[in-house]
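Working notes, beginning with the structure itself.
Numbering (my numbering), first residue to last: 114 to 356.
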């Protein structure tokens, strides 16, 4: 018994060292996306239905520029990302309808994420998600009617790709975008145009930047750049884009 106890005490530190051995830390890509030149003029959208709830006009959110030209609502992602299996779902993902606007206007999620779609207006809304397809008409990803204030429905993000939202209940000015990914290496710029993508594997990557069409037509604007990521380090990517 004494010999056995002595062996356990001796081996325990060795086993601990093996478990806590060196591991790759991955890296982070961060930066700011700015608009080249002055912001294009985007007029508010007229409201012709349910004005008691929706108001007289709706702000045009297709181009949102902050201080120093920072561009909001830009999706930035690692285009050559490879992940084994399914990425984890995004916690607390939601889409609200308030005063006849989709909130948030742009968001990015992973495949399999349950999106909580909510209606905070006391009128009938409809959320129609159209999946963009190269060289083909968009495909309906989901289409839900929401006639009750306070209603909340879960909608699963089943396919990767870009999705445009619209309301088929007469609120033609309502639109928003959801970008769905099969990996977790993406971010959406804030009001200052800043973004952070954490946990990116080391190596040289192609990063793609997407912004919705300023005039509301077409697939939007895309720009690419190369970034070298080092384990445990923060790589900087600042881009200026044209819309």
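Where a beta carbon is used, it is the ideal one built from N, C-alpha and C, also for glycine.
Check	Outcome
Is the beta carbon of residue 318 less than 8 angstroms from the beta carbon of residue 200?	no
Under 8 angstroms, do residue 353 and residue 187 count as touching if we go by C-beta distance?	no
How about the segment 161 to 173 and the segment 273 to 293: do they share at least three Cβ pairs that are nearer than 8 angstroms?	yes
State whether the segment 165 to 180 contacts the segment 191 to 199, with contact taken as three or more CB pairs (one from each stretch) at a distance under 8 angstroms.	no
Within a Cβ cutoff of 8 angstroms, which residues of the same chain sit near residue 329, ignoring the five residues on either side of it in sequence?	175 and 288
Is it buried or exposed, residue 183, if we count other Cβ atoms within 10 angstroms and call 16 or more buried?	buried
To the nearest whole angstrom, what separates the beta carbons of residue 142 and residue 310, a pair I think is in contact under 8 angstroms?	4 angstroms
What separation, rounded to the nearest whole angstrom, lies between the Cα atoms of residue 252 and residue 241?	10 angstroms
Mark residue 223 as exposed unless 16 or more other C-beta atoms lie within 10 angstroms of its C-beta, in which case mark it buried.	buried
Based on DSSP bridge pairs, tell me the residues matched to residue 159.	170
Within the chosen definition, does the segment 266 to 277 reach the segment 148 to 157 through at least 3 CB pairs nearer than 8 angstroms?	no
What does the alpha-carbon distance come out to for the pair residue 193 and residue 235?	44 angstroms
If you reduce the DSSP assignment to three classes, tell me which class residue 182 lands in.	helix
Within 10 angstroms of its Cβ, does residue 339 collect 16 or more other Cβ (buried), or is it exposed?	exposed
Is the beta carbon of residue 286 closer than 8 angstroms to that of residue 325?	no
For residue 349, is the classification buried or exposed, using 16 other Cβ atoms within 10 angstroms of its Cβ as the cut-off for buried?	exposed
Between residue 315 and residue 343, which are expected to be in contact by the criterion C-beta below 8 angstroms, what is the C-beta distance as a whole number of angstroms?	6 angstroms
Considering only residues of the same chain and omitting the five flanking positions on each side of residue 275, which have a CB-CB separation below 6 angstroms?	245 and 292
With a Cβ-Cβ cutoff of 8 angstroms, do residue 212 and residue 168 count as a contact?	yes
Can you name the residues that DSSP bridges to residue 210?	215
If I measure Cβ to Cβ from residue 378 and keep anything under 6 angstroms in the same chain, skipping five residues before and after, which residues do I get?	Because the chain here runs from 114 to 356, residue 378 falls outside it and cannot be looked at.
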